[in-house]
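Each step along the sequence shown adds one to the number in the numbering used here, with nothing skipped, and position 1 is 5. Built from N, CA and C at the ideal position, the CB exists for glycine as well. Down below is the structure, laid out as structure tokens.
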Amino acid sequence: MNIREEFIVYESPVRFHENRIRAAAVYCSDGRFGEHVDDFLHNALKLPRYDRLAVPGGAACLAGHLFAYREEWGLVEQLHFLIRTHALERLVLIAHQDCAFYAEQMRVSSLPLETRQREDLQTAAERIRSFAPGLLVDVFFARKHLDSTIRFESLAEWLLNEASHSTRPGR
Ligand SMILES: [Zn+2]
5 MNIREEFIVY ESPVRFHENR IRAAAVYCSD GRFGEHVDDF LHNALKLPRY DRLAVPGGAA
65 CLAGHLFAYR EEWGLVEQLH FLIRTHALER LVLIAHQDCA FYAEQMRVSS LPLETRQRED
125 LQTAAERIRS FAPGLLVDVF FARKHLDSTI RFESLAEWLL NEASHSTRPG R
């Protein structure tokens, strides 16, 4: 291939690494959270160069909502592709506070928004495990704090906590 120097508009200082790390993340397209998601995946989970599936609402469409069946079909296809061709071993699902996908699509809901999101993430994770049983699936919730930080909460920890509360005597 001919290199046409005159067409180059920018050279990224970030070096390219050939190896895949066999991990992917599904999260919302909302660009306000993009750098925080990168920071979390890179520095907390130690997953550099993870594959990205950024779609409105993240994995919410995998929770079986009728209004999102087209998105669901598309995301399942994309996951199958990455699992197969990139040999994925780990998948991270992240929902974020005040997600516009929910505000837009689910105006009428009997559940508080965050409860809905947490339940959807669990359902989505179970759905993925059903067609990719060898895949490690982790779920997280990104919350905004008053000091403009974003903190990531483990949904698995939250569920364990809920379970221990609900089985506590006298409740
Ligand atoms: Zn969102």
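Of the listed residues the options, nearest to residue i (C-alpha basis)
i	options	result
Y54	L117, E118, E93, E10	E93
A146	P17, R24, C32, I12	C32
A63	F144, F156, A160	F144
A27	L66, L150, L139, F156	L139
R24	E15, D42, P52, Y14	P52
E39	F156, I7, N165, L164	F156
F37	F135, Y106, H100, R131	H100
R131	L66, D42, L45	L66
D42	V80, Y14, L97	L97
Check: residue i C-beta below 7 Å from any heavy atom of ligand 1
i	result
H100	yes
G61	yes
A104	yes
C32	yes
Outcome for residue i when other beta-carbon atoms lying within 10 angstroms are tallied against a minimum of 16
i	result
D124	buried
V18	exposed
E76	buried
A48	exposed
F85	exposed
V30	buried
Distance, residue j Cα to residue i Cα
i	j	result
F71	Q126	19 Å
E3	R122	As displayed, the chain neither begins before 5 nor continues past 175, which places residue 3 out of reach and without an answer.
A104	I154	17 Å
K50	A167	29 Å
L117	E108	12 Å
T119	Y106	12 Å
G35	Q82	20 Å
I12	H21	21 Å
D151	Y73	37 Å
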